[in-house]
Amino acid sequence: MNVNRRQFLQTAAGLAATACGAETAAPRPAKIIDTHAHFYDPTRPQGVPWPPKDDALLYHTTLPKTYRALPVPQRVDGVVVVEASTWVEDNQWILDMAAHDPFIVGLVGNLPLGTPECAGCLKRFAANPVFCGVRVRDGSFEQLLGERAFINDLRDTAERGLSFDVHFPLSWVAPSVRLAQLVPNLRLIVNHAAGADVTGKEPRAEWQRLMEKLAAHPQVFMKVSGLVEGTKRRHGDAPTDVDFYRPVLDVLWKLFGADRLVYASNWPVSGYNAPLGRVQQIAMSYFAEKGQAALDKVFWKNSQAAYRLKL
414 MNVNRRQFLQ TAAGLAATAC GAETAAPRPA KIIDTHAHFY DPTRPQGVPW
464 PPKDDALLYH TTLPKTYRAL PVPQRVDGVV VVEASTWVED NQWILDMAAH
514 DPFIVGLVGN LPLGTPECAG CLKRFAANPV FCGVRVRDGS FEQLLGERAF
564 INDLRDTAER GLSFDVHFPL SWVAPSVRLA QLVPNLRLIV NHAAGADVTG
614 KEPRAEWQRL MEKLAAHPQV FMKVSGLVEG TKRRHGDAPT DVDFYRPVLD
664 VLWKLFGADR LVYASNWPVS GYNAPLGRVQ QIAMSYFAEK GQAALDKVFW
714 KNSQAAYRLK L
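Here's what the structure looks like:
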């Protein structure tokens, strides 16, 4: 064998190996937007209303730099903060942080919907392009939907181009079907897979029926989050195998498809059940099977449709 032939065969072998590797390598999204994270600082002079002081996992300073320092399969490009504080000015605290840190691409604010002061709050915060939606967690959602002032505030929310995050317990998710009918131009983003029980087996029929009702409304999006929480493993030991989560994910994929599922971590709350890297890897492994287009939609493009983010 002369030198030229040897070089030719070595080059051919290298190209074949590269091609083989390209075929077997799992696809990755072009970018990642985590649409559900919480930032807060208990060391502020006024403290925080949440989390409680006796929560050993959560009660410590939790900021963008804290998130970015955690090991993950792929770097996250931005987060949507979902405000867990009931203090109105904490919405401004997050927006001030976002003004100096572009890692925060959106804020779902916690505002007093249904109260006389809410209209002013919506006008004030909607003027900031980072403010993309609202969420509430207190009270009975069924009762709130019967109050004219609450519905009027949600109509104002929709008219301003903002969205509404639906709290994940079934007592909140089930009435949201009615909300989708009452305010059809309001984009609804259901949190944490609607509280699905994740057991490795077929999910409960009640949950599946509710998912069918929600998916019938095209303005309803579903967050691919809450999966490790649904295992009820509270020592960071939620399973790593994507097949354990597949029965729930298959239902969501069948009903909401590639265009209405959005990736989210629910960090740091998800830390009870699994590290952030595992949360990301479970979702990435599942949607990588669906192809590059679906992977990009779930991990970042759908966040633009749901929250009208300026990415």
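Mind the numbering: the sequence shown is residues 414 to 724 in the working numbering, read in order.
C-beta atoms are modelled at their ideal positions from N, C-alpha and C, and glycine is treated no differently.
What residue does the beta strand (DSSP E) around Arg600 start on, and which one ends it?
-> Arg600 to Val603
Cα-Cα, which of Ala443, Arg573 and Phe669 is closest to Pro542?
-> Residue nearest to Pro542 within the set Ala443, Arg573 and Phe669 is Arg573 (criterion: CA-CA distance).
With DSSP as the reference, label Ser683 as helix, strand or coil.
-> Ser683: helix per DSSP, three-state reduction.
Tell me where the beta strand (DSSP E) around Val494 begins and ends.
-> Here the beta strand (DSSP E) through Val494 covers Gly491 to Val495.
Counting only runs of 3+ residues fully inside the stretch 441-483, write out the beta strand (DSSP E) ranges in chain order.
-> Within the stretch 441-483, the complete beta strand (DSSP E) runs of at least 3 residues are 446-450.
Could you tell me whether the stretch 574-590 touches the stretch 686-696, where touching means 3 or more Cβ pairs closer than 8 Å?
-> With the cut-off at 8 Å, the stretch 574-590 and the stretch 686-696 do not touch.
Could you spell out the range, first to last residue, of the beta strand (DSSP E) harbouring Val675?
-> Start and end: Leu674 to Tyr676.
Of the residues Leu662, Arg481 and Glu625, which one's Cα is nearest the Cα of His605?
-> Of the candidates Leu662, Arg481 and Glu625, the residue whose Cα lies closest to the Cα of His605 is Leu662.
Indicate whether the contact test is met: 3 or more Cβ pairs, each with one atom in the stretch 666-683 and one in the stretch 696-715, closer than 8 Å.
-> yes
Taking C-beta to C-beta, are Asp566 and Cys531 nearer than 7 Å?
-> yes
Out of Arg591, Phe538, Ala607 and Asp654, point me to the one whose CA is closest to Leu508's CA.
-> Phe538
With contact counted as at least three CB pairs below 8 Å, one residue from each stretch, are the stretch 679-687 and the stretch 462-471 in contact?
-> yes
Which residues bound the beta strand (DSSP E) around Lys636?
-> Taken as a continuous stretch (DSSP letters only), the beta strand (DSSP E) holding Lys636 covers Val633 to Val637.
Where does Asp650 sit, in a helix, a strand or coil, going by DSSP?
-> coil
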